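Notes follow the structure.
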Amino acid sequence: MSQNKPKILIISSDTGGGHRSAAQTLSDGLQKFWVGESIAVRVIKAVEESHGITKKMVNLYNWILRNRQHWMKYYFWFINRFQPERSKFFLDKCVGFCKEHFEKWFPNIVVSVHPMTQHVFARILKELNLLDKIPLVTVVTDPCYGFWKGWACDEVSLYLVANDDAKRQLVDFGIAPEKIKISGMPINPKFTPVDDSDAKIARKAFGLDEDKFTVFVNAGYVGGGNIPQIFKELIQGELDVQAIFLAGNNDELRAQAESLALTAKFPVKVIGYSNEIEKIMQSANVMISKLGGLTTFEALACRLPIIADITTPP
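FYI, the numbering for the sequence shown is 1223 to 1536, going by the numbering used here.
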């Protein structure tokens, strides 16, 4: 690798699928749109790859999201109240792994797409006396006011947020307004509207009738929450539709959905985890889903109507 080639380290964690999607979008976008010399981009999961205990923290979040979605409001309260991402215990568990990667690769810029990860690298840069030499950038993937306090970190050089609401929340958390730029959500350009002929081609690729109204039932990255029950009730109806059910990273749910699909009175295609969500969205006429930040904006980019399930009561 050329000594002069710019190096960008993207730090994330797979709590749900949105942060992974944002990291991949940034990586793809930087590689595609960088002007001049090529760059090197690396993505690491700074929480779950650091230590067995921090991996269990990620697993707990995903378990709640999958199996006890109504507990999420209590989890949110706990994290915002006690802020473990700032604790010595959490940082000590993450710093060793992350510092090793940092010193081995020595990036020119560090980009965080997760509310827990920038705190780890703020400490690393501080310990190495590099805070004023290497920019720490945070891309906030939550677009609405009322998001996690963990997004706020004084050592971050630049915040990129979706809109005025997100900027206002960071300012209310004590972040200087001049550090915050409104840039929109990090959506991959592959999420784009298609015409009827391309939608028909997409349906045909999934083995479905190219002319029939298609419902995309999206159980998300972890595969759970209320969506499986909604799917179970949907397939009991005598509807003139066809459906695609996305089970995510949940093999048990996929097997259950495949068994249920055999009893449906209309065609159902069951899919596990997929890296081609845009093709599913482009094949569909409507999506039933939890309103995850990235998922919502990806659907909007595809001009796909959403029937929304809420995560917790308002």
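Quick reminder that beta carbons are idealized off the backbone N, C-alpha and C, glycines included. Since the structure is predicted, the reported quantities are computational estimates derived from the model, not experimental observations.
So the candidates are the options; which of them puts its Cα closest to the Cα of residue i?
i, options, result
"Phe1300", "Pro1527, Ala1268 and Lys1371", "Lys1371"
"Leu1461", "Lys1434, Leu1482, Glu1480 and Leu1484", "Lys1434"
"Glu1500", "Pro1489, Thr1518 and Phe1488", "Thr1518"
"Ile1404", "Leu1252, Asn1385 and Asp1420", "Asn1385"
"Gln1504", "Asn1448, Ile1466 and Pro1415", "Pro1415"
"Tyr1381", "Glu1400, Tyr1367 and Cys1366", "Glu1400"
"Val1280", "Ile1466, Glu1270, Asn1289 and Glu1455", "Glu1270"
"Phe1324", "Phe1298, Ile1230 and Ile1529", "Ile1230"
"Asp1418", "Arg1525, Gly1429, Lys1310 and Gly1251", "Arg1525"
"Glu1322", "Phe1255, Leu1350 and Arg1303", "Leu1350"
"Thr1363", "Glu1432, Lys1426, Phe1311 and Met1407", "Met1407"
"Ala1354", "Asp1376, Cys1366 and Pro1365", "Reading the sequence as shown, one finds Asp at residue 1354 and not Ala. If we check each option's Cα against that of Asp1354, Asp1376 comes out closest."
Excluding five sequence neighbours on each side, which residues of the same chain lie with their C-beta closer than 8 Å to the C-beta of residue i?
i, result
"Lys1315", "Ser1272, His1273, Ile1275 and Thr1276"
"Gln1478", "Pro1450"
"Gln1246", "Val1265 and Asn1410"
"Ala1374", "Leu1392, Phe1395, Gly1396 and Ile1397"
"Asp1236", "Arg1242, Lys1267, Glu1270, Val1280, Asn1284 and Tyr1443"
"Pro1329", "Lys1229, Ile1230, Leu1231, Arg1264 and Ile1356"
Which residues in the same chain have their Cβ closer than 7 Å to the Cβ of residue i, if we skip the five residues on either side of it in sequence?
i, result
"Arg1308", "His1341"
"Asn1471", "Tyr1443, Val1444, Gly1445 and Tyr1495"
"Lys1227", "Glu1259, Ser1260, Ile1261 and Ala1262"
"Arg1476", "Ala1469, Val1492 and Gly1494"
"Cys1320", "Ala1268, Ser1272, Val1342, Phe1343 and Ile1346"
"Met1338", "Ser1235, Val1269, Glu1307 and Gly1372"
"Ala1421", "Gln1504 and Ser1505"
"Gly1514", "Gly1238, Gly1240 and Gly1442"
Sort out for me which residues DSSP pairs residue i with in a bridge.
i, result
"Ile1457", "Beta-bridge pairing links Ile1457 to no other residue."
"Ile1502", "DSSP output for Ile1502 lists no bridge partner at all."
"Thr1436", "Gln1464"
"Asp1531", "Lys1512"
"Ser1234", "Lys1267"
"Leu1380", "Val1359"
"Lys1229", "Ala1262"
"Lys1491", "Ile1466"
Quick one: what's got a C-beta closer than 6 Å to residue i's C-beta in the same chain, skipping five residues either side?
i, result
"Pro1527", "Val1508"
"Val1378", "Gln1340, Leu1358 and Thr1360"
"Ile1466", "Phe1438, Lys1491 and Ile1502"
"Tyr1440", "According to the sequence displayed, residue 1440 carries Asn and not Tyr. Leu1468, Met1509 and Ser1511."
"Pro1536", "A caution first: Pro1536 carries a pLDDT of 41, below 50, which makes its placement in the model too unreliable to give a value."
"Tyr1297", "Ile1286"
If contacts are defined as beta-carbon pairs under 8 Å, then residue i and residue j qualify, I think. What distance do you get, rounded to the angstrom?
i, j, result
"Arg1387", "Ile1452", "Note that residue 1387 is Asp in the sequence shown here, rather than Arg. That belief does not hold up - the Cβ atoms of Asp1387 and Ile1452 are roughly 28 Å apart, past 8 Å."
"Val1361", "Val1335", "5 Å"
"Phe1369", "Glu1520", "That belief does not hold up - the Cβ atoms of Phe1369 and Glu1520 are roughly 18 Å apart, past 8 Å."
"Ser1243", "Ile1232", "No, Ser1243 and Ile1232 are not in contact; Cβ-Cβ is about 12 Å, not under 8 Å."
"Leu1482", "Gly1240", "Contact flag wrong, Cβ pair sits at about 27 Å."
"Ile1356", "Val1332", "6 Å"
"Phe1488", "Gln1458", "So it is not a contact: roughly 11 Å between Cβ atoms."
"Ala1523", "Thr1436", "Not really, about 18 Å apart at Cβ, beyond 8 Å."
"Leu1287", "Gly1238", "6 Å"
Less than 9 Å between CB atoms is the rule here; does residue i satisfy it with respect to chain C?
i, result
"Glu1455", "Protein chain content of the structure displayed is limited to a single chain, and chain C is not contained in it."
List, from N- to C-terminal side, the alpha helix (DSSP H) runs of 4 residues or more that fit wholly inside the stretch 1247–1309.
1274–1289 and 1294–1304
List, from N- to C-terminal side, the beta strand (DSSP E) runs of 3 residues or more that fit wholly inside the stretch 1383–1423.
1402–1404
So within the stretch 1301–1360, which uninterrupted beta strand (DSSP E) runs reach at least 3 residues, ignoring any that extend past its ends?
1331–1334
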